[in-house]
Amino acid sequence: MAILLAGAGTFAMRASFLAAASRLAVVPPFAQRLLRQIPPAALASIVAPALLRPGGDFGLFQPRLAAGLLAALVAWRTRNVGLTLAVGLGALVALQAL
Amino acid sequence: MRFDEVRAGAASIAPMLVGVVPFGLVAGATPAANGFGVWAAVGLSSIVFAGASQLATVDILANGGSGVVAALAACTINLRMLLYSASLAPLLAGEPLRRRLGAAYLLTDQAYAVSITRWTTEGDRPEGRIPFYVSGGLLLWAVWQASTVVGALIGSAVPDDLPLDFAVPLVFLVLLVPAITSRPAAAAALAGGAAAVAAAATGAGPLSVMVGAVAGVIAGATTEAVAEGRRPDPTGPAL
């Protein structure tokens with residue numbers, strides 16, 4: 000029962016705007032302004048806690064933030080996902096081994 | 000069929016699987032370890048299909064919470080899907096309803112992130128959007144189902160000293176960097192990240208993504224509006 004309810008609610012949220020999209024073909028400028036901000040806002044909200052609060056505790060001097068900043072540099076210069084993953088994971092393993 | 004788009008969709012999702020597989024193993028092993036059996040794991044993965052909320056559902060049920068409370072918690076965690084749905088809706092508005100509902104079922108953090116990146120920053124062709132989205136989304140779906148079944152059957156056998164969970168923020172980082180294209184986008188990212196961290200500190204758990212996203216959207220839109228208000232002539236050179 001819980002699974003069906005959770006599934007129905009989650010699907011409703013996923014479908015919400017997509018289902019109504021044909022009626023929203025012309026998006027007013029103020030809505031476009033809000034929509035434009037979603038990618039950087041949402042992506043940063045996923046990334047920041049993982050780098051700044053690993054394991055649930057805030058910390059600046061810890062391996063995950065250092066490895067993440069190094070990986071961000073690689074991502075910025077190369078935009079290569081594979082290389083970023085390799086450098087980020089490699090740096091984390093190396094820093095944890097220290 | 001547009002095989003180049005199909006291939007590109009799968010190729011965009013592929014690096015994300017490094018982080019998805021260990022998470023899927025945990026999402027499968029947790030219901031089994033709490034005595035809910037393999038079918039609960041399969042049901043959660045196929046019907047809810049959203050990792051953090053699957054774990055929260057199991058956690059609440061295992062601690063004696065009611066089904067309604069568990070479902071509400073799961074839906075709260077997945078509120079961010081509203082934002083993703085709104086963000087993708089104008090880009091898929093030309094598709095028939097059936098396809099849009101299919102796309103909605105496959106909507107995840109990963110499918111959203113690679114699609115919005117491709118459709119706003121790279122060479123975008125409207126007729127290629129659905130093939131790109133569906134191939135990436137289906138690949139992620141299949142790997143998620145397979146890894147939760149394996150996790151439910153044999154447990155999550157990922158060694159602790161191999162921090163594969165770190166692959167999750169890393170792949171979103173690769174998409175975040177090119178998304179910061181302007182000062183408002185940078186404000187959205189900074190405010191979003193800060194608010195998400197603050198929300199996590201107050202115990203918001205997986206809901207902190209939604210809190211951060213909303214704060215970031217407000218900050219970005221405000222920055223944009225202020226920048227436009229300062230400009231004396233809208234047709235003049237943008238600073």
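Chains U and Y, in that order, give the protein sequences. Using numbering that gives the first Met the number 0, read the first sequence as starting at 0 and increasing by one per residue. Using numbering that gives the first Met the number 0, read the second sequence as starting at 0 and increasing by one per residue. Virtual Cβ for every residue (Gly too), placed ideally from N, Cα, C.
(message) Determine whether the beta carbon atoms of Ala136/U and Thr56/Y lie at a separation below 9 angstroms.
(response) Since the displayed chain U opens at 0 and closes at 97, residue 136/U lies outside it and no answer follows.
(request) Determine whether the Cβ of Leu97/U lies closer than 9 angstroms to any Cβ atom of chain Y. (result) no
(request) In angstroms with no decimal places, state the Cα-to-Cα distance between Phe165/Y and Ala72/Y. (result) 25 angstroms
(message) Tell me the rounded alpha-carbon separation between Thr107/Y and Leu97/U.
(response) Each residue's CA atom was taken as its position, placing Thr107/Y and Leu97/U some 36 angstroms apart.
(message) Just to confirm the assignment, what range does the alpha helix (DSSP H) spanning Glu227/Y have?
(response) 207 to 229
(message) Looking only at its chain, what residues have a beta carbon closer than 8 angstroms to the beta carbon of Ala203/Y, apart from the 5 residues adjacent to it on each side?
(response) Val210
(request) Examine chain U for any beta-carbon lying closer than 9 angstroms to the beta-carbon of Phe2/Y, and answer yes or no. (result) no
(message) Assess contact between the region 27 to 47 of chain U and the region 213 to 228 of chain Y, defined as three or more Cβ pairs (one per stretch) separated by less than 8 angstroms. Is contact present?
(response) yes
(message) For chain Y, check one thing: does any of its Cβ atoms lie closer than 9 angstroms to the Cβ of Phe57/U?
(response) Yes, contact with chain Y.
(message) What would DSSP say about Asp123/Y, mapped onto helix, strand or coil?
(response) coil
(message) Tell me which residue opens and which closes the alpha helix (DSSP H) that Leu71/Y is part of.
(response) 66 to 76
(message) Between Gln61/U and chain Y, is any beta-carbon pair separated by less than 9 angstroms?
(response) no
(request) Using a Cβ cut-off of 9 angstroms (strictly closer), state whether Gly211/Y contacts chain U. (result) yes
(message) Whole angstroms are fine: how far does the CA of Ala18/U sit from the CA of Leu254/Y?
(response) Past the edges of chain Y, shown from 0 to 238, lies residue 254/Y, and the structure says nothing about it.
(message) Against Pro28/U, what residues of chain Y qualify as contacts under a CB-to-CB distance less than 8 angstroms, listed in chain order?
(response) Within chain Y, no residue comes near Pro28/U; the closest Cβ sits about 10 angstroms away, beyond 8 angstroms.
(message) Restricting to Cα atoms, I'd like to know which of Pro177/Y, Arg99/Y, Leu43/Y is closest to Gly66/Y.
(response) Leu43/Y
(message) Would Ala102/Y and Ser15/U be called neighbours here (beta carbons separated by less than 9 angstroms)?
(response) no
(message) Tell me the residue span of the alpha helix (DSSP H) that contains Gly192/Y.
(response) 182 to 200
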